[in-house]
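Below: the structure, in structure tokens.
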Amino acid sequence: MNILLIDDDTRIASALKQALAGTHVIDHAPKGQVGLQQISKNPYDLILLDLNLPDIDGLEVCRQLRALGLDFPILVLSGNSGVLQKIALLDAGANDYLTKPFSLGELKARLRVLSRQISNAKPIPKTIQVGDITLDGLRHTVHRAGTEIVLRRKEFLLLECLMQNAGTVVTRQMLMHYAWQDDQDPWTNTIDVHIKYLRDKIDRQFAKPLIKTVHGIGYKIDIADHGGGPRKLDRRPPPGRVGQPNKGRKVH
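Each residue of the sequence shown is one higher than the one before, counting from 466 in my numbering.
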């Protein structure tokens, strides 16, 4: 997931960036207003929000985000374990609340839960187009530049996940969960093998490669190279055919 951490504690920010680097992309904002500005410019899947910020209260940040109609999950991190504080935040639109100090293992588990909720809640358009490639989820077909490309099920699911998130980095963990519906080790070569098969079919015969590797994180489709973000279509494409742990560590 693409995550924004809003927290003025640079030590915590550094620790979380390091701990989550293999499965998530983490941006950091040291103040509430800086966080709001970054959210207005970048697509995030989830917000990690500290309450005690130097400019505006985390509760107010949460309220402003929901008032704008932004529905991504907000996970609050706070040293305040009071019940009334938790109730106020949940009423303001927060999805979860984690009291400091917390273990990285628990944080990762909560992120996995929120990631599954995002996947289940996200509406999937029947047909997606990015540049010259079109994916039809109902007919299970893929066309590039008018030519049908036959994909196996896992290859189709990987491409569908990447196209739904075109323009943003898709982590290996997100791909593993989307295509295999589990949370096994995202660093297994299973993903690499299937991405290679997918690239052989959708990139080899065309001038511009579709899938880019983001080393140490995952893969992405760069919309700058392929005519903008994903678009929902109603028409059918034209025919044609070619054959790391740290689980016990505490963050304060």
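No residue lacks a Cβ here, since even glycine has one placed at the ideal position from N, Cα and C. From a predicted model like this one, the values you see are computed outputs, not experimental measurements.
Buried versus exposed call for residue i [16 or more other C-beta atoms within 10 Å across all chains shown]
i: D522; result: exposed
i: I477; result: buried
i: Q646; result: exposed
i: S543; result: buried
i: S505; result: exposed
i: T653; result: exposed
i: V442; result: Because the chain in this structure spans residues 466 to 717, residue 442 falls outside the shown range and cannot be described.
i: T475; result: exposed
i: L533; result: exposed
i: L549; result: exposed
Candidates the options: closest to residue i by CA position
i: M466; options: T599, N507, K496; result: N507
i: Y684; options: Q670, K661, K666, F671; result: K661
i: F621; options: R531, G487, L663; result: L663
i: A486; options: G681, I688, D687, P566; result: G681
i: Q670; options: K573, R575, G611, T475; result: G611
i: K573; options: K666, H489, L549; result: H489
i: R618; options: R609, I598, R637, Y643; result: Y643
i: E571; options: V679, K673, A672, L481; result: L481
Cβ pair residue i, residue j closer than 8 Å
i: V578; j: A559; result: no
i: L469; j: G497; result: no
i: E625; j: L600; result: yes
i: Y509; j: F537; result: yes
i: R531; j: A494; result: no
i: K512; j: I471; result: The amino acid occupying residue 512 in the given sequence is Ile; Lys does not appear at that position. Contact: yes.
i: L675; j: D668; result: yes
i: H659; j: L627; result: no
i: I598; j: R609; result: yes
i: M639; j: S580; result: yes
Residues of its chain near residue i, where Cβ-Cβ distance is below 6 Å and the 5 sequence neighbours each way are ignored
i: D492; result: L469
i: Q629; result: none
i: D520; result: K496, G497, Q498
i: T564; result: S546
i: L576; result: none
i: K591; result: G602, L603
Own chain residues within Cβ distance below 8 Å of residue i, not counting five before or after
i: D473; result: P495, K496, D515, N517, L518, P519
i: K677; result: Y684, K685, I686, D687
i: I583; result: M466, D510, L511, F537, P538
i: V526; result: I471, G497, G500, L501, L514, L518
i: R528; result: A557, G558
i: L535; result: I504
Contact set for residue i: own chain, Cβ-Cβ below 7 Å, skip 5 residues either direction
i: L524; result: L516, A553, L554, A557
i: Q503; result: L469, D492, A494
i: V679; result: V634, K685
- Minimum length 4: unbroken alpha helix (DSSP H) runs contained in the segment 629-658: 637-645
- For the segment 476-553, which segments carrying the alpha helix (DSSP H) assignment without a break, of at least 4 residues, lie completely within its bounds, in sequence order? 497-506, 523-532
- Task: Run through the segment 555-597 for me and flag every whole alpha helix (DSSP H) of 4 or more residues, listed as ranges in chain order.
- Result: 569-586
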